[in-house]
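Colleague: In this text, residue positions in the sequence shown follow our numbering: the first is 663, and each later residue adds one.
Starting off with a structure, shown below.
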Amino acid sequence: MPGQLLLNLFIAFLWMLLIDEDELRFSTFYAGFLVGIGILFFMHRFFGTRFYLRRVYAVVRLFFIFVWELIQSSTVVLRQILSPRLKIEPGIFKYETILRSDVEITMLSMLLTLTPGSVVMEVTPESDALYIHAMDVQESRDGLIKQLKNFEKAIMEVTR
């Protein structure tokens, strides 16, 4: 990915030089960058890796999935806190993950910990399961598992 991005920037600078304008303009650089994207898209199979904008798209998509899950979990926590009677049953459950690398598991743990109402307490030594503390296990366990599946899928698109 870094090699393709650097090559795209090189194509954009080369484009700026070949256009032969009196002054350097951002619009010329941008046009060269777009031309470079087109060239790299058609030639990315020769690099042996996937097209770098797919990974950029996956990172942006992961960010928006996180923001959406953050909003949803925040409303659930606010609804529970603002209710006249606090009827929650905190608890711990084990979630077996399909992620394998340390980076992927750390990303999943941090994304889940940043959303309100749940905390990753421990990762097993084999890195195949997480122990998660949820604010209300009875009501929010299914939602947490769905959220974890969404995060896993998005993380795998970014890292693999």
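All residues carry an ideal CB built from backbone N, CA and C; glycine is no exception.
Since the model is a prediction, treat every value here as computed from it, not as a measurement.
#1: Smallest Cα separation from I750: which of R803, V785, I760, D684?
#2: Of the choices L686, E731, S689, A720, whose alpha-carbon is the least far from that of F817?
#3: Can you list, in chain order, the residues of its chain with a C-beta nearer than 8 Å to that of I699? Leave out the 5 residues immediately preceding and following it.
#4: Would you mind reading off the limits of the beta strand (DSSP E) that contains M783?
#5: With distance defined between alpha-carbon atoms, name the residue in I767, L774, L740 nearest to V785.
#6: Output yes if chain C places a C-beta closer than 7 Å to the C-beta of V738; else output no.
#7: Does the segment 718-736 come close enough to the segment 768-788 to have 3 or more Cβ pairs within less than 8 Å?
#8: Alpha carbon to alpha carbon, what distance is there between F691 and V697?
#9: Just the C-alpha distance for R712 and L761, rounded to the nearest angstrom, thanks.
#10: According to DSSP, is G698 part of a helix, a strand, or is it coil?
#11: When the Cα atoms are used, what is the spatial distance from L799 to P752?
Modeller: Let me lay it out:
#1: Within the sequence shown, residue 750 is the residue found at index 88, counting from 1. Among R803, V785, I760, D684, the Cα nearest to that of I750 belongs to R803.
#2: Your numbering for residue 817 matches position 155 in the sequence shown. In the sequence under discussion, the amino acid at residue 817 is Ile, which differs from the Phe named in the question. Residue A720 is the option with its Cα nearest to I817.
#3: On the sequence shown, residue 699 is found 37 positions in, with the first residue counted as 1. Excluding residues within five positions, the ones whose Cβ falls inside 8 Å are N670, L715.
#4: Counting from 1 along the sequence shown, the entry for residue 783 is found at position 121. Counting along the chain, the beta strand (DSSP E) containing M783 begins and ends at 780-785.
#5: Sequence index remark: in the sequence shown, residue 785 carries index 123 (1-based). For V785, the closest C-alpha among the options I767, L774, L740 is that of I767.
#6: Checking the listed chains, one finds no chain C in this structure; it contains a single protein chain.
#7: yes
#8: Against the sequence shown, residue 697 aligns to sequence position 35. Against the sequence shown, residue 691 aligns to sequence position 29. If I take the Cα positions, the gap works out to 10 Å.
#9: As a first step, residue 712 must be located in the sequence shown, where it is residue number 50. As a first step, residue 761 must be located in the sequence shown, where it is residue number 99. Using only the alpha carbons, I get a separation of about 20 Å.
#10: Numbered from 1 along the sequence shown, position 36 holds the residue referred to as residue 698. It is helical.
#11: One-based indexing of the sequence shown puts residue 799 at position 137. One-based indexing of the sequence shown puts residue 752 at position 90. According to the sequence as given, residue 799 is Val; it is not Leu. CA-CA distance, V799 to P752, rounds to 6 Å.
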